[in-house]
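Below: one structure, written as structure tokens.
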Amino acid sequence: MGKLVALLSVTVAAVVLAATATASHSWGNYHWARTSNPFTLQLGDNVSATWDSHLTTASSDWSQSSVLDTAVAAGQAKGKNCRPSAGRVEVCSGRYGNTGWLGIAQIWASGSHITQGSVRVNDTYHDAPPYNTDPWRRFVMCQEVGHEFGLDHQDENSSNANLGSCMDYTNDPDGGSGGASSSDPSNEHPNAHDFDQLESIYAHLDSTTTIASAPADLPGNAPPFSQARRANGSVYMDDLGNGNRLITFVLWTPFGE
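Counting from 5, one number per residue, gives the positions in the sequence shown under the working numbering.
Given below as structure tokens:
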């Protein structure tokens with residue numbers, strides 16, 4: 005009987021560990037169509053010199069995935085409104101005002117296939133405390149770029165201990181003292197769960213590609229986001245007709261400014 009109990013305990017523990025190791029934070033079914041892995045997605049650099057190193061870090065971090073690579077390329081957005089370019093992601097910085105958000109990630113999708121994307125980071129907040137630090141900028145850039153692959157958040161509680169992933173909400177991005185735990189990890193980079201989820205999202209191949217391609221032109225003007233919309237959550241969808249959608253992830257300031 006003792007051996008049976010021990011065996012059951014080991015089995016249960018193995019199941020729990022397996023469940024823990026399996027990520028489940030995809031952003032709906034959205035993904036880039038491609039015919040092979042790994043694929044390379046261009047990140048258009050429209051950011052200021054303050055952000056350049058953080059965009060490079062995010063690109064390097066996410067390129068550690070076994071299914072995708074990213075390449076920082078010359079930006080093609082016209083101004084800080086960050087109009088997207090077909091088949092790639094434009095990344096922009098600017099003073100967008102006291103909107104309540106640190107960063108915004110947007111994807112344009114035809115069905116479940118992402119056709120273009122844009123990221124905006126808000127210097128109105130990042131030029132002042134507490135957000136004018138490298139950890140805050142790395143966290144925000146890493147998360148917003150991660151959304152562009154089809155990733156959702158791992159956790160949306162800013163006040164609990166860090167999970168060690170930039171896809172986890174936080175009010176203390178570098179971890180350690182000053183946050184919910186004196187020993188929690190940094191949330192400035194992806195972790196194994198994020199890479200597991202990317203492998204799941206991109207486990208299948210498509211017969212066509214939306215990467216570096218020119219699909220039918222979709223509206224590029226992004227709707228405004230301000231504190232007035234904060235109560236409606238972090239994810240917004242605009243129906244563009246004919247099966248096309250604009251989906252927006254808003255990273256609101258954790259301190260409610």
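Each residue gets a CB set at the ideal place from its N, CA and C atoms; glycine is no exception. All values derive from a computational prediction rather than experimental measurement.
Distance between residue j and residue i (C-alpha atoms, nearest Å)
{"i": "residue 214", "j": "residue 138", "result": "33 angstroms"}
{"i": "residue 97", "j": "residue 112", "result": "19 angstroms"}
{"i": "residue 19", "j": "residue 117", "result": "Residue placement at residue 19 cannot be trusted, given a pLDDT of 34 that sits under 50; what the coordinates show is reported in the next sentence. Using only the alpha carbons, I get a separation of about 33 angstroms."}
{"i": "residue 188", "j": "residue 179", "result": "5 angstroms"}
{"i": "residue 136", "j": "residue 211", "result": "44 angstroms"}
{"i": "residue 250", "j": "residue 183", "result": "35 angstroms"}
{"i": "residue 83", "j": "residue 91", "result": "19 angstroms"}
{"i": "residue 106", "j": "residue 146", "result": "12 angstroms"}
Where residue i falls, given that 16 or more other Cβ within 10 Å makes a residue buried
{"i": "residue 171", "result": "buried"}
{"i": "residue 190", "result": "buried"}
{"i": "residue 208", "result": "exposed"}
{"i": "residue 131", "result": "exposed"}
{"i": "residue 89", "result": "buried"}
{"i": "residue 169", "result": "buried"}
{"i": "residue 53", "result": "exposed"}
Residue i and residue j closer than 7 angstroms at C-beta
{"i": "residue 174", "j": "residue 161", "result": "no"}
{"i": "residue 319", "j": "residue 121", "result": "There is no way to answer for residue 319, as the model of the chain reaches only from 5 to 261."}
{"i": "residue 87", "j": "residue 81", "result": "yes"}
{"i": "residue 155", "j": "residue 36", "result": "no"}
{"i": "residue 29", "j": "residue 158", "result": "yes"}
Practice item. Answer yes if the region 117-130 comes into contact with the region 90-105, meaning at least three C-beta pairs across the two stretches below 8 angstroms, and no otherwise. Key: yes
Exercise for review: Go through the region 172-214 residue by residue and report every complete run of the alpha helix (DSSP H) that reaches 4 residues or more, in order.
Suggested key: 196-205
**Study point:** Contact between the region 55-72 and the region 184-201 (3+ Cβ pairs under 8 angstroms)
**Key:** yes
Check your understanding: Given 8 angstroms as the limit, is there contact between the region 39-50 and the region 68-83, that is, 3 or more CB pairs closer than that?
Key -> yes
Point to revise | beta strand (DSSP E) runs wholly inside the region 29-86, at least 3 long, in chain order | key: 43-50, 72-78
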